[in-house]
Amino acid sequence: MTERFQRVLAASLATLLVVGAPLPAGAYLKLGGRVDGRTVQLRWERLPARYFIGQGTANVTAAQLEGAVNRAFQSWQDVPTATFAGTFVGFTSASPSDDDGMTTIGFEGRPDLDRVLGATRILTNEATGEIVEADIFLNTTFDWSAASGGEAGRFDVDSIALHEVGHLLGLGHSAIGETELQGAGRRRVIAAEAVMFPIAFSAGNIEGRTLRADDIAGVSDIYPEGDFRDRTGSITGRVTKNGTGIFGAHVVAWNQRTGSLIGNFSLSNDGTFTIAGLEPGPHVIRVEPLDDGEITSFFSESANVDINFLGAFHDRLVIAPRGGGSDRTEIAVRPK
Amino acid sequence: MTFGNRHAVLAAVLAICTGAVARATVIVPADLTELVAESTAIVHGRVVEVRAEWTEGRRAIESYVTLAAATYLKGHLGERVTLRMPGGRLGAFRSIVVGAPEFREGDEVIVFLGNHGPSIPFLVGFSQGVYRVVVDAANGQRTVIPPAIMAAGGEPLRLVRGDGRRPAPTIEQFATDIRGLVAAAEAPRR
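Protein chains in written order, with this note's numbering: chain A, 5 to 340; chain B, 10 to 199.
What follows is the structure, given as structure tokens:
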């Protein structure tokens with residue numbers, strides 16, 4: 005950990021202590037699409053999701069992979085406000101790249117996916133959104149570790165498995181994270197507040213083994229337990245530039261009491277956004293463009309994502325009411 | 010709370026963003042210099058065909074994306090170049106690889122391509138190897154997302170979203186930057 009980062013971490017930990025311990029809140033993108041004019045959300049209809057474990061790789065046996073994947077499923081399953089569950093069926097020689105009706109998680113060599121540590125491939129019934137299979141591959145092009153404390157220079161199987169199982173259950177990427185460019189011409193992640201942030205930290209780091217409030221709200225929104233929606237609230241609004249709604253703006257809500265950062269996107273051309281699964285109470289709202297990375301990691305239809313505006317705060321707090329939605333909030337941003 | 014203290018709030022939000030260390034992993038990040046160096050070809054063009062097929066033995070669905078090349082900024086792979094992407098739609102089923110770029114006919118893009126031997130080209134850096142050209146409704150300019158790039162030997166540069174000092178470059182500016190990086194990479198070294 006660099007000295008600079010330690011300073012930043014210390015400063016922000018202090019801030020967290022002031023505002024209180026984080027409680028569940030959400031910044032997430034659910035997988036889905038439009039079919040015949042209606043929105044279809046991807047989710048498993050038959051739980052538990054049954055999965056097989058495929059091949060291991062150098063330094064990580066299939067049994068060690070099974071352990072890491074089981075822990076990842078258990079983490080998502082342990083979220084008290086969600087009902088998602090999975091179960092290990094057995095080992096297989098099947099490939100995690102095959103659409104064969106078996107959910108398979110294993111290592112595979114994919115030099116053509118040269119910067120991809122792992123990926124989740126979901127086969128879905130397009131009409132209903134039901135997930136019928138979801139395979140996860142981890143790329144043997146990289147060096148891996150299943151050691152409990154991690155290993156320098158090797159990517160952590162537990163962390164990547166936790167992220168990929170998030171996709172398997174129907175979550176997309178979260179944009180709550182930050183990167184920097186370094187003098188050697190390298191780019192690195194300096195922080196993220198969601199396991200579902202799409203860019204990897206450096207090899208050897210194991211801090212991605214814990215779900216964040218962001219992730220917890222996401223899984224709870226897709227698979228709500230009991231009265232989750234009655235106990236949480238949502239904020240709805242519209243992002244505009246020059247009086248016109250914009251698509252793809254990242255909207256972040258910050259609950260000052262809990263310290264949770266919350267986010268979603270304006271997901272229609274009129275600029276409308278909704279952030280659900282929030283701890284009831286007032287939130288600070290910030291809007292920012294996705295101008296620091298690859299927008300295709302977040303949107304399949306990315307051609308009309310607007311990235312040409314300045315980051316901005318809404319000029320008042322917005323209340324997320326318990327069991328309901330906020331008054332409609334309009335946030336005007338200025339072009340760069 | 011009113012926002013007379015807007016800057017203080019900004020600082021607090023960014024501090025929390027920065028400090029709560031978490032991990033999410035799928036992509037190893039690359040900056041523009043790395044993408045240029047690792048690409049065998051960089052093409053600016055328009056998508057003219059997207060076709061999904063079963064792989065041999067109906068094992069999986071893949072999509073073949075064909076571009077009509079307008080300009081090569083590095084290398085040359087012909088007037089039309091086809092790349093292969095995982096996933097696609099066939100019949101009632103859709104195979105989704107989360108985070109994989111999707112293409113539609115008519116999309117104007119700059120793509121960074123690599124290949125191993127005679128195989129079909131692939132995207133270098135996966136989603137990082139696609140820059141989509143968008144038209145700014147306000148002024149009609151054709152721009153791309155600001156690339157992750159810094160001057161050699163510079164101090165670490167934090168990428169803050171919505172920073173007015175990082176405007177979206179026009180397609181012409183972006184092409185010039187890439188050509189400069191290609192030339193620098195190919196310049197003889199002592």
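A virtual CB, placed ideally from N, CA and C, is assigned to each residue, including glycine.
| Query | Result |
| --- | --- |
| Same chain, Cβ closer than 8 Å to Ala-31 of chain B, neighbours up to 5 away in sequence not counted | Confidence at Ala-31 of chain B is low in this model, with a pLDDT of 21, below 50, so its placement is unreliable and the value that follows should be read with caution. Closer than 8 Å at the Cβ level, and outside the excluded window around Ala-31 of chain B, lies no residue. |
| Chain-ordered neighbours of His-53 of chain B on chain A, where CB pairs are closer than 8 Å | In chain order: nothing, as chain A lies at least about 15 Å away. |
| Chain-order list of residues whose beta-carbon lies under 7 Å from that of Asn-129 of chain A (same chain, five-residue window excluded) | Val-136 |
| Extent of the continuous alpha helix (DSSP H) to which Asn-259 of chain A belongs | Note, Asn-259 of chain A: premise wrong, no alpha helix (DSSP H); beta strand (DSSP E) at 254 to 259. |
| Nearest-angstrom Cβ-Cβ length linking Asn-312 of chain A and Lys-340 of chain A, presumed shorter than 8 Å | 5 Å |
| Under 7 Å (Cβ pairs) to chain B, residues found in the stretch 105 to 137 of chain A | Pro-115, Asp-116, Leu-117, Asp-118, Arg-119, Val-120, Leu-121, Gly-122, Ala-123, Thr-124, Arg-125, Ile-126, Leu-127, Thr-128, Asn-129, Glu-130 and Ala-131 |
| Integer Cβ distance of Arg-332 of chain A from Thr-240 of chain A, believed to fall under 8 Å | 6 Å |
| Near-chain B residues of the stretch 40 to 63 of chain A (beta-carbon distance less than 7 Å), N- to C-terminal order | none |
| At least 3 beta-carbon pairs within less than 8 Å: the stretch 79 to 88 of chain B vs the stretch 100 to 115 of chain B | no |
| Between the CA atoms of Arg-55 of chain B and Thr-145 of chain A - distance to the nearest angstrom | 31 Å |
| Neighbourhood of Ala-39 of chain B by C-beta, 7 Å cutoff - its chain only, sequence neighbours within 5 removed | Gly-134 and Gln-137 |
| Every unbroken beta strand (DSSP E) inside the stretch 40 to 107 of chain A [3 residues or more] | 42 to 45, 53 to 57 and 90 to 95 |
| Cβ of Arg-60 of chain B within 8 Å of any chain A Cβ | no |
| Cβ-Cβ distance between Glu-58 of chain B and Met-94 of chain B below 8 Å | no |
| Per-residue burial, Arg-67 of chain B [other beta carbons within 10 Å of its own, 16 or more giving buried] | exposed |
| Closest by C-alpha distance to Glu-62 of chain B, when choosing among B:Ala-50, B:Arg-89 and B:Leu-99 | B:Leu-99 |
| Beta-carbon proximity of Ala-257 of chain A to Ile-250 of chain A, cut-off 8 Å | no |
| 8 Å Cβ cutoff, Ser-136 of chain B in contact with chain A | yes |
| Length of the line joining the Cα atoms of Val-243 of chain A and Ala-62 of chain A | 49 Å |
| Test: Ser-48 of chain B CB closer than 8 Å to a CB of chain A | no |
| Positions along the stretch 182 to 201 of chain A whose CB lies within less than 7 Å of some CB in chain B | Glu-182, Thr-183, Glu-184, Leu-185, Gln-186, Gly-187, Gly-189, Arg-190, Arg-191, Arg-192, Val-193, Ile-194, Ala-195, Ala-196, Glu-197, Ala-198, Val-199, Met-200 and Phe-201 |
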